[in-house]
Amino acid sequence: MKQKSKQSLPPNFTYHGNDTLLSGTLKTFQKFACDGQELQLRCFRNTSISISVAQYGRSVPYHMLCPPPDDGGAAHARPPQEYNGSVECIAKEALRVVEAACREKEECTVKTDAKSFMVDPCPGVHKYAEVAYKCRPTTFSNRIVCENDVLNLRCHKNLRIVIYSANFGGTERGVPECPQRQDVKLSECQVSYATETVLTTCHGRRKCTVAADMGTFGNPSCHKDSRLFLKVVYTC
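Counted from 1, the sequence shown has number 156 at position 156 by the UniProt record's numbering; the numbering is strictly sequential.
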């Protein structure tokens, strides 16, 4: 028997043990915007922005990134100072500013200027903002199959599978799809590395098939009368 259900994560949800594992498999996006422009971050539906790095200032010469705008030779215009790397030009509050504007949102916009970042780290120098971020899933599906059944996961053609967790083994009472015998006293038993096994087979693919058996996951050392099952939490 198979079960599929969906649940949305509460705003204050923490990934606990799987946080590093999940984050390490998500794609990192990078965006930059020059002084006077808008820094725009966007994620996909059912995902939210998670900021990895945010900086405002300048660390490279003008010819490499964000040269000063051409003022057309106006006599009143004051040319920006050249940046030679001899002074520190990084706004220390940049990460906090971008997090406040963008964290846990599907999209956001931050104006790139000294006022928005609450400090001008190097007056007279034309600066820029750089951000690295990931799109974390906010809605997951649960799938359960009994031992020796096959689990099939599939996403729409433009989406890919993101695995959050997987468990293979048995519990004291079992699950409705794979109930335990009532006349036998059982205890919980799980294999290690079930999540990593499903990640290897499914993560980043449009569809995948996983056999819910000991040949795939190993022996969870359960009681011989235990009804084993595979539970996978994922999203597209």
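Note that the Cβ used here is the ideal one computed from N, Cα and C, for glycine as well. It should be emphasised that the depicted structure is a prediction, and the values quoted were computed from it without experimental measurement.
Task: Whether E130 touches F32 by CB criterion (8 Å) - done: Mapped onto the sequence shown, residue 130 falls at position 130. Mapped onto the sequence shown, residue 32 falls at position 32. Yes. Within cutoff.
- [ ] Apply the 10 Å Cβ neighbour rule to N158 and answer buried if 16 or more other Cβ atoms are within range, or exposed otherwise.
- [x] As a position in the sequence shown, residue 158 is number 158, starting the count at 1. Exposed is the call here.
Task: Boundaries (first-last residue) of the alpha helix (DSSP H) holding R42 - done: In the sequence shown, the residue the question calls residue 42 occupies position 42. Counting along the chain, R42 falls outside any alpha helix (DSSP H), though it belongs to the beta strand (DSSP E) covering 38–42.
Task: Chain-order list of residues whose beta-carbon lies under 6 Å from that of Q30 (same chain, five-residue window excluded) - done: Along the sequence shown, read from residue 1 onward, the residue named residue 30 stands at position 30. Closer than 6 Å at Cβ, skipping near neighbours: A132.
Open item on the list: My parser needs the alpha helix (DSSP H) runs of 4 or more residues fully inside the segment 94–133; what are they?
Closed with: 94–102
TODO: Pull up the DSSP beta-bridge partners for I49, would you.
DONE: Working through the sequence shown from its first residue, we reach residue 49 at position 49. Bridge partners of I49: C135.
- [ ] Answer yes if the segment 99–109 comes into contact with the segment 34–49, meaning at least three C-beta pairs across the two stretches below 8 Å, and no otherwise.
- [x] yes
Task: Nearest-angstrom Cβ-Cβ length linking T138 and N46, presumed shorter than 8 Å - done: By one-based count along the sequence shown, residue 138 stands at place 138. By one-based count along the sequence shown, residue 46 stands at place 46. At roughly 6 Å, the Cβ-Cβ gap stays under 8 Å, so T138 and N46 are in contact.
TODO: Could you tell me whether the segment 196–203 touches the segment 175–187, where touching means 3 or more Cβ pairs closer than 8 Å?
DONE: no
Task: Where Q182 falls, given that 16 or more other Cβ within 10 Å makes a residue buried - done: Residue mapping note: residue 182 aligns to position 182 of the sequence shown, counting from 1. Its Cβ having fewer than 16 others within 10 Å, Q182 is exposed.
- [ ] Express the C-alpha separation of H63 and C34 in angstroms, rounding to a whole number.
- [x] As a first step, residue 34 is located in the sequence shown; it is residue number 34 there, counting from the start. As a first step, residue 63 is located in the sequence shown; it is residue number 63 there, counting from the start. One C-alpha to the other measures close to 13 Å.
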